[in-house]
Structures are given as C-alpha cells and as structure tokens.
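Residue numbers (my numbering): 743 to 988.
All remarks here apply to the structure that follows.
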C-alpha cells in the first residue's frame, strides 16, 4: 500500500471518531484495522466509514459500561452524549482503582494531523534542542508606524533535512496549534547561531531597504513538554546510530 493510501486510511479512521472525546490509541488501531480490511476487500468507501463509525461507538460504549450497539435501538442515540462522556471522565479521575493510561488520548488524532516533514521537525527539536529564529522590524514602535519586515525566519527546514523546506511557514503554525512547539522571545544560549540566519538574502535585503534604525530581534523555537512526550511516545528517535528507548 502506498504512502497516499496509508495516509487516507489514517484520516478515515480519525474522521470516524470526530467529536468523540474518549479516543484512545487502542481505539485508533482497532478502527485502522477495520478500515484496512474493508479497503483491501474492495468495500465502497461509504460502507468502510460506516463500519469504522460503528467500531468507535462499540468501543466507547464498552468503555462506559454500556451494552454494544447491536443490543440497542439504531440511530445516534447509541453514541454516548458529551455529558455522559464527561461524567465518565470525572468518575475515572476520582476513582482510586482506575489505571493510568500509557499515552495521552490526543496522540492518535495528532498523528493524522501532521505531515511527514512536521514529524521530522519535532524529532529534530527533540534531538537538537531549541532553534534560533529572528524578527526584523523598522526602528519605530508599531503605534507610530513601525512595521515588522520579517517574522520568525529560521533554518529549521534546511537543518532538519525536510523534503519541502519552503513550507516551514505553514508547518510551524500547525505544530503550535497542536500544542507541540512554542515560539519564545528568549534567544538560544549561543548568539553565534544567529549569524547564519542574518546572512540570508531576505534579511540582508530588509536591512538594506529599511535603512537606519532597523531592529533585529533574536527569538527561539522550542518543543513544549507535551510535544516532547509526543515525540518520545510516537516517533522513533535515533542517536549515534541507535534508536533510543521511549
């Protein structure tokens, strides 16, 4: 199965669980198997999605201690309401016997919302640490007509070996939206790391065009604690030729 087909399977599996808050890795794997089985058998896509939705409903009802879909009336009433799911979460939180989940339930959904290049960015930040970025602004304050000429310029695309480094301006906001990375005003510890960015053509042109008083601000891009745990849980990390343990 090609990369495009595999990506489609992940997205169908994730679509089947849209709006469901008790999504877990086990549920994701189970639904993916259902989708793969139906796809390989030549089942029409709408029937595959319907079967995947039924799989999600049954797993949720099992988690909530409710009877399977087959034992209930048909229709959306089979799916626990958001309030029922929320009440169950609170009961589990208060229980002294509830087991601690191995992974955050959002991780399965996140895998369906990031590109291969974005996964590589996360792994690069995990291994190499915070990365430098710069902003370039005219000397005046924004209230008096100051203008930001360049925002968040970085060489992550080149250093992380991305397939499409020109798409970093789209990749980073998506990773930030998912809570995996953060843009900070703090510079990295070694100021010399900014010299290579300042030597880039867009920066030199901006400085030449705007003239005296232009301000260059040193920033950084870091992996959040949530992002670091996501990488350790979901992405293979190779250091010195060996894959590290999660």
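Backbone N, C-alpha and C fix where the C-beta goes; we use that ideal spot for every residue, glycine too.
Source: prediction; values computed, not measured.
Less than 8 Å separates the beta-carbon of residue 896 from that of residue 875.
In the three-state reduction of the DSSP assignment, residue 894 falls in the strand class, which pools E and B.
Rounded to whole angstroms, residue 955 and residue 934 show a C-alpha spacing of 22 Å. With a 10 Å radius around the Cβ and a threshold of 16 neighbouring Cβ atoms, residue 837 comes out exposed.
Note on geometry: alpha-carbon atoms of residue 792 and residue 786 lie some 10 Å from one another. When the Cα atoms are used, residue 945 and residue 850 turn out to be separated by approximately 39 Å. Linking residue 941 to residue 949 through their CA atoms gives a straight-line distance of about 11 Å. The beta carbon of residue 966 sits closer than 7 Å to the beta carbons of 921, 922, 923 and 924 from its chain, once the five residues preceding and following it are set aside; these are given in chain order. Residue 963 is bridged by DSSP to 873 and 925.
Residue pairing for residue 879: DSSP places it in a beta bridge opposite 890 and 957. Around the C-beta of residue 835, fewer than 16 other C-beta atoms lie within 10 Å, and the residue is accordingly described as exposed.
For residue 936, no alpha helix (DSSP H) encloses it, and the DSSP letter there is neither H nor E. Residue environment: residue 833 is assigned as exposed (fewer than 16 neighbouring CB atoms within 10 Å of its CB, all protein chains considered).
Measuring C-alpha to C-alpha distances from residue 894 to each of 977, 847, 873 and 796 identifies 873 as the nearest.
Under the criterion of beta carbons closer than 8 Å, residue 930 and residue 962 qualify as touching, at roughly 5 Å.
Within the same chain, 880 and 891 come within 7 Å of residue 952 by CB-CB distance, once the 5 residues on both sides are set aside.
Membership of residue 944 in the alpha helix (DSSP H) is indicated by the continuous run 943–952. Of the residues 823, 868, 852 and 789, the one whose Cα lies closest to the Cα of residue 978 is 868. Counted as a single uninterrupted DSSP element, the stretch harbouring residue 931 is not any alpha helix (DSSP H), since DSSP gives it neither H nor E.
Counting C-beta atoms within 10 angstroms of its own C-beta, residue 831 has fewer than 16 neighbours from the protein chains shown and is therefore classed as exposed.
If you look at residue 852, you'll find it in the alpha helix (DSSP H) that goes 849–853.
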